[in-house]
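Residue numbers for the sequence shown follow my numbering, so the first one is 787 and each next one is one higher.
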Amino acid sequence: MNEDMRTFGYLCPKCGKSVMGARSIFALEAADAEIACGCGGSVLRTEFDGEKYRVYVPCGICGETHTAVCAPDRVLRGGTALGCARTKQFCCFIGPEGTVEKNLRELAILAEKEKQQEGAGDQEAFLDNVIMYEVLSELKDIAARKDGVTCACGSKRYGMEIRRSAVDLVCRDCGAKLRIPAATDRDLDDLCCHMKLVIPGK
787 MNEDMRTFGY
797 LCPKCGKSVM
807 GARSIFALEA
817 ADAEIACGCG
827 GSVLRTEFDG
837 EKYRVYVPCG
847 ICGETHTAVC
857 APDRVLRGGT
867 ALGCARTKQF
877 CCFIGPEGTV
887 EKNLRELAIL
897 AEKEKQQEGA
907 GDQEAFLDNV
917 IMYEVLSELK
927 DIAARKDGVT
937 CACGSKRYGM
947 EIRRSAVDLV
957 CRDCGAKLRI
967 PAATDRDLDD
977 LCCHMKLVIP
987 GK
């Protein structure tokens, strides 16, 4: 009988390599799981108390270990991404092997760019200048369309906050935010698929 397998993926903060490990749903429900990097410098751990999963994620972006509390459905079904509390970037992926591998590859590219930026000092304002300018240009095109950027609260008034690796669209009436990632080619491709953007509203 083929058991459903779940793949966990993260970037090792010690050696920077992608770490992936698969566990069966049965094993995850029955006992705590550990997925360690071959370098011995980091371990992802899961604990299940019968109601919720606690996932301890070594973060390849900021170097700390984050704790995420997830409902069983998030760990055992579909695909889940857990974020770094400091940078708000995703740092761990749980799901089918192909999906985790693809997302982990993107994360490795992002982490590499972050490292290069640190080495270059602070002269660069953005994680990737070319991508950021392309994203801003695309946002300008979307905003120029009729009702191109609106908020679910009904407002059409918004502002932009530009960060190092993302642009936040902020509704001027309810204060809700929509974050547009702007660090990788994939971020740009994702944005180009949208004719209009809707801020989720509060």
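In this text, a Cβ means the ideal position worked out from N, Cα and C, and glycines have one as well.
- How about C845 and C870: do their beta carbons lie closer than 8 angstroms? Taking the sequence shown and counting its residues from 1, the one referred to as residue 845 is at position 59. Taking the sequence shown and counting its residues from 1, the one referred to as residue 870 is at position 84. Cβ atoms of C845 and C870: closer than 8 angstroms.
- Query: Are the stretch 883-892 and the stretch 945-956 touching, with three or more C-beta to C-beta distances below 8 angstroms?
  - Reply: Counting Cβ pairs under 8 angstroms, fewer than three are found: no touch.
- Message: Does the stretch 923-939 come into contact with the stretch 955-974, if we say contact requires no fewer than three beta-carbon pairs (one atom in each stretch) closer than 8 angstroms?
- Response: yes
- Item | Test item: CB-CB of L862 and R809 under 8 angstroms | By one-based count along the sequence shown, residue 862 stands at place 76. By one-based count along the sequence shown, residue 809 stands at place 23. No.
- Take C848 as the anchor and find which of D818, P799, R931, F879 has the nearest alpha-carbon. For the purposes of this step, residue 848 is taken as the residue at position 62 of the sequence shown. Of the candidates D818, P799, R931, F879, the one whose C-alpha sits nearest the C-alpha of C848 is P799.
- Task: Examine the ligand ZN and report whether any of its heavy atoms sits within less than 7 angstroms of the Cβ of A857.
- Result: The ligand content of the structure shown is nil, which means the ligand ZN is not present either.
- Message: For S804, list the residues DSSP reports as bridge partners.
- Response: The residue given as residue 804 occupies position 18 in the sequence shown. According to DSSP, S804 bridges with L797.
- Message: Taking DSSP's pairing of strands, which residues face K963 in a bridge?
- Response: Indexing the sequence shown from 1 puts residue 963 at position 177. For K963, which the question treats as bridged, DSSP gives the partners V956.
- Task: Going by DSSP, name the residue or residues bridged to G884.
- Result: As a first step, residue 884 is located in the sequence shown; it is residue number 98 there, counting from the start. Note: G884 sits in no beta bridge, so no partner.
- Quick one: is E850 buried, meaning 16 or more other Cβ sit within 10 Å of its Cβ, or exposed? Here residue 850 refers to the residue found at position 64 of the sequence shown. Exposed, because fewer than 16 other Cβ atoms sit within 10 Å of the Cβ of E850.
- Can you grab the Cα-Cα spacing for the pair R930 / S941, in whole Å? Translated into the one-based positions of the sequence shown, residue 930 becomes position 144. Translated into the one-based positions of the sequence shown, residue 941 becomes position 155. This sequence places Ala at residue 930; Arg is not what is there. Looking at the two C-alpha atoms, the distance is approximately 16 angstroms.
- Could you work out which residue in I928, D927, K899 is closest to D914 when comparing CA atoms only? Translated into positions along the sequence shown, residue 914 becomes position 128. Looking at the Cα atoms, K899 is the closest of the given residues.
- Task: From the DSSP output, in three-state form, read off I811 for me.
- Result: The sequence position of residue 811 within the sequence shown is 25, counting from 1. Note: I811 maps to helix in three-state DSSP.
- 6 angstroms CB neighbourhood of F912 in its chain, flanking five on each side removed: Residue 912 sits at position 126 when you count from the first residue of the sequence shown. For F912, where only same-chain residues beyond five positions count, the Cβ hits under 6 angstroms are M918, R950.
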